[in-house]
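Undergrad: In our numbering, each residue's number is its place in the sequence shown (first place is 1) plus 455. What follows is a single structure, and I will ask about it in a moment.
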Amino acid sequence: MVKKILIVGPASQILGVKIAQELEIEAINTEVKRFPDGENYLRINIENETLIADKEVIIIQSTGPSYSGNQNSRLMELFMMIDSVKRMGAARIIVVAPYLAYARQDKPFRPGESQFAYVIFRIINSMGIDEFYSVDIHAPEVMDECSCKAINIDPMKLLADYVTSKGAKDIVVVAPDKGAIERSKAFAKHFGENVPVDVFEKERDVKTGEIKMTGTLSLKDKDVVIADDIIATGGTMASAIKLARKSGANKIFAVATHALLLDQAKFRILKAGADEIIGTDAIDNEVSKVSLAKIIADYLK
Ligand code: R5P
């Protein structure tokens, strides 16, 4: 049997080590830096390249923005990892990018825009990988660009189990906008049959990004779970939380697979009235309360 090795990218250190433990395989990290001209540098942290040759190599690297690197750097590092293991003669290359940057740029909203999410996939696909995994990708159809096996992992049961473990009862799942309704319906099923799903009206100014949300729902004494794929600035979540509070909600859980929490998102969401912010370790930060290690490892077994 071909030996498996896991290369843990700088953006997925905790999740990467946990997956290696689940799979009982060796984890190798990377050395990264920026050259004075701003270019990224990455090497796989090994002294002997035969360690990679003829092995099945799993690369894990989320590509979200964080204090230690923006998404462009994270993508470059991912490309460098793939290129490096290919050059060293890996027998198979499996890429796990739990959060994929640019996934929200899947369609043009204004004249002249790019559909860059597709370009990201074309690039990854052109690098000759064998399998690709992401988690709760914003518009899963962009994965059709991959000619290799490409899987979008669904973390909703794990997130729902976490919310249930916090004692939530009489749950209503609230979709922060119409685009999130189908996702919220699927999410609600994990709390039991007939858990209601409701939605607020959201309009986003495509030029300024400003959000306007309206609506009143019957949420009196209900525990409300507001679930989205991404929390970026927290504007969407905070607006939905404010309306849920006005609608009489009891506890409010702000749940996202990818809680990027940019700028003052934590302040905004908590001040709006959330009891808890819950994310997965697709994004490595203080709200990464739900680990994807086991579910990802199960796919990789
Ligand atoms: C948009 O379609 C996404 O699903 C999220 O609702 C959005 O990315 C959240 O962004 P923000 O936190 O900046 O409002």
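No residue lacks a Cβ here, since even glycine has one placed at the ideal position from N, Cα and C.
1. For L470, I'd like the list of residues in its chain whose CB is within less than 8 Å of its CB, leaving aside the five on either flank, ordered along the chain.
2. Would you say V742 and A714 are within 8 Å of each other, going by their C-beta atoms?
3. Heavy atom of ligand 2 less than 7 Å from the Cβ of R559, yes or no?
4. Determine, using beta carbons only, whether I483 and K459 come nearer to each other than 8 Å.
5. Whose CA, out of A545, F490 and G728, lies closest to the CA of S528?
6. Any heavy atom of ligand 1 closer than 7 Å to the CB of T684?
7. Can the beta-carbon of F646 be found closer than 8 Å to that of V629?
8. Can you tell me which of the three DSSP states K697 falls into?
9. Roughly how many whole angstroms lie between the Cα atoms of A572 and L674?
10. So, do the segment 585 to 596 and the segment 541 to 549 have three or more beta carbon pairs nearer to each other than 8 Å?
11. Would you say the segment 592 to 607 touches the segment 630 to 639, given that touching needs at least three Cβ pairs under 8 Å?
12. By alpha-carbon positions, which one of A709, I513, V540 and K697 ends up nearest to L672?
13. Do D684 and R638 have their beta-carbon atoms positioned less than 8 Å apart in this structure?
14. So is the beta-carbon of P631 under 7 Å away from any non-hydrogen atom of ligand 1?
15. Measure the C-alpha to C-alpha separation of A729 and T663 and round it to an integer number of angstroms.
16. If you count every other CB in all the chains shown that lies within 10 Å of the CB of E441, and 16 or more means buried, which is it?
17. Report whether the distance from the Cβ of M668 to the nearest heavy atom of ligand 1 is below 7 Å.
18. For ligand 1, is there any heavy atom lying closer than 7 Å to the beta carbon of G689?
19. Using the three-state DSSP reduction, which class does L461 fall into: helix, strand or coil?
20. Using the C-alpha atoms, what's the distance from V710 back to I579?
21. Could you please give me the residues that DSSP links to T669 through a beta bridge?
22. Can the beta-carbon of I537 be found closer than 8 Å to that of Y754?
23. May I have the straight-line CA-CA distance separating K541 from L717, to the nearest angstrom?
24. Report the start-end ranges of each alpha helix (DSSP H) in the segment 575 to 652 that is 4 residues or longer and not cut off at the edges.
TA: In terms of the structure at hand:
1. Only I515, S517, P553, D736, A737, D739, S746, L747, A748 and I751 meet the Cβ criterion.
2. yes
3. In the structure shown, ligand 2 is absent; the only ligands present are ligand 1.
4. no
5. F490
6. The sequence given here places Asp at residue 684; Thr does not occur at that position. Checking every heavy atom of ligand 1 against the Cβ of D684, one is found closer than 7 Å.
7. Going by C-beta atoms, F646 is not nearer than 8 Å to V629.
8. helix
9. 36 Å
10. yes
11. no
12. Looking at the Cα atoms, K697 is the closest of the given residues.
13. yes
14. Set against 7 Å, the gap from the CB of P631 to the closest heavy atom of ligand 1 is smaller.
15. 25 Å
16. Residue 441 falls outside the range modelled here, since the chain spans only 456 to 756, and no answer is possible.
17. no
18. Taking 7 Å as the cut-off, one finds at least one heavy atom of ligand 1 near enough to the beta carbon of G689.
19. strand
20. 29 Å
21. E656
22. no
23. 34 Å
24. 611 to 620 and 636 to 644
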